[in-house]
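Asks:
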Amino acid sequence: MKRLIGSAAAVLGLAAGSVLIGSPAQASTACDNFYNNTARSGYMYAWNLPNCSGLLGGDVDNDADWGDSSGSFQGSDTNNAESVMNKGTGSTYHIVRFYDYTAYNTPNGYGCLHPGEYYASDLRDNKLSDGGPAANSISSHNWVSSCDHWLD
Numbered sequence: 000m001k002r003l004i005g006s007a008a009a010v011l012g013l014a015a016g017s018v019l020i021g022s023p024a025q026a027s028t029a030c031d032n033f034y035n036n037t038a039r040s041g042y043m044y045a046w047n048l049p050n051c052s053g054l055l056g057g058d059v060d061n062d063a064d065w066g067d068s069s070g071s072f073q074g075s076d077t078n079n080a081e082s083v084m085n086k087g088t089g090s091t092y093h094i095v096r097f098y099d100y101t102a103y104n105t106p107n108g109y110g111c112l113h114p115g116e117y118y119a120s121d122l123r124d125n126k127l128s129d130g131g132p133a134a135n136s137i138s139s140h141n142w143v144s145s146c147d148h149w150l151d
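The opening position of the sequence shown corresponds to residue 0 in numbering that gives the first Met the number 0, with each subsequent residue numbered one higher.
(1) Measuring only the C-alpha atoms, how far is residue 93 from residue 83?
(2) By the three-class DSSP mapping on this structure, what secondary structure does residue 33 have?
(3) Less than 7 Å between the beta carbons of residue 56 and residue 71, yes or no?
(4) Between 35, 69, 149 and 59, which lies nearest to residue 101 when the distance is taken from Cα to Cα?
(5) For residue 180, collect the residues of the same chain with a Cβ closer than 7 Å to its Cβ; drop the 5 residues on either side in sequence, then sort them by chain order.
(6) How many Å lie between residue 23 and residue 110 at the Cα?
(7) Taking the C-alpha atoms as reference points, what is the distance between residue 38 and residue 60?
(8) For residue 109, decide whether its Cβ has a neighbour in chain D, counting only Cβ atoms nearer than 7 Å.
In structure tokens:
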């Protein structure tokens with residue numbers, strides 16, 4: 000019985016330790032490589048496939064409409080992202096808020112990515128604030144200082 004209790008305590012200790020270890024939102028070698036070797040500080044990025052494949056673009060600014068003909072994201076980029084990255088810097092606006100609507104409107108939901116999370120490698124695993132899917136739903140983004148719904 001003593002051995003069983005000790006084993007159970009060890010398993011619980013390992014489980015608790017694994018929860019406390021920090022890591023990107025969802026691990027991906029391709030995303031890690033892009034983040035560490037290619038991504039520019041102060042930018043966010045989006046891809047049309049999971050695991051940071053099929054680059055749609057990157058942006059240091061806000062983009063109110065991923066489907067229009069201006070900004071870093073244009074035309075067919077809207078509602079086409081399946082992975083996103085945040086390499087934001089600064090202390091004021093460093094969180095990226097992604098919206099399922101143009102012009103940063105929130106009625107259809109939103110989700111944020113903190114720079115400490117690095118990336119969400121597969122948005123099919125994420126929900127927006129309204130409970131809708133994050134994958135293939137993003138139509139605009141902006142940089143914010145705080146958020147109450149995270150892509151994780």
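No residue lacks a Cβ here, since even glycine has one placed at the ideal position from N, Cα and C.
Replies: Here's the rundown:
(1) 14 Å
(2) helix
(3) yes
(4) 69
(5) Any question about residue 180 goes unanswered here, given that the chain covers just 0 to 151.
(6) In this prediction, residue 23 scores a pLDDT of 46, lower than 50, which makes its location untrustworthy; the coordinate-derived value is nonetheless stated afterwards. Approximately 16 Å, taken between the alpha carbons.
(7) 15 Å
(8) In summary, chain D is missing from the structure at hand, where a single protein chain is found.
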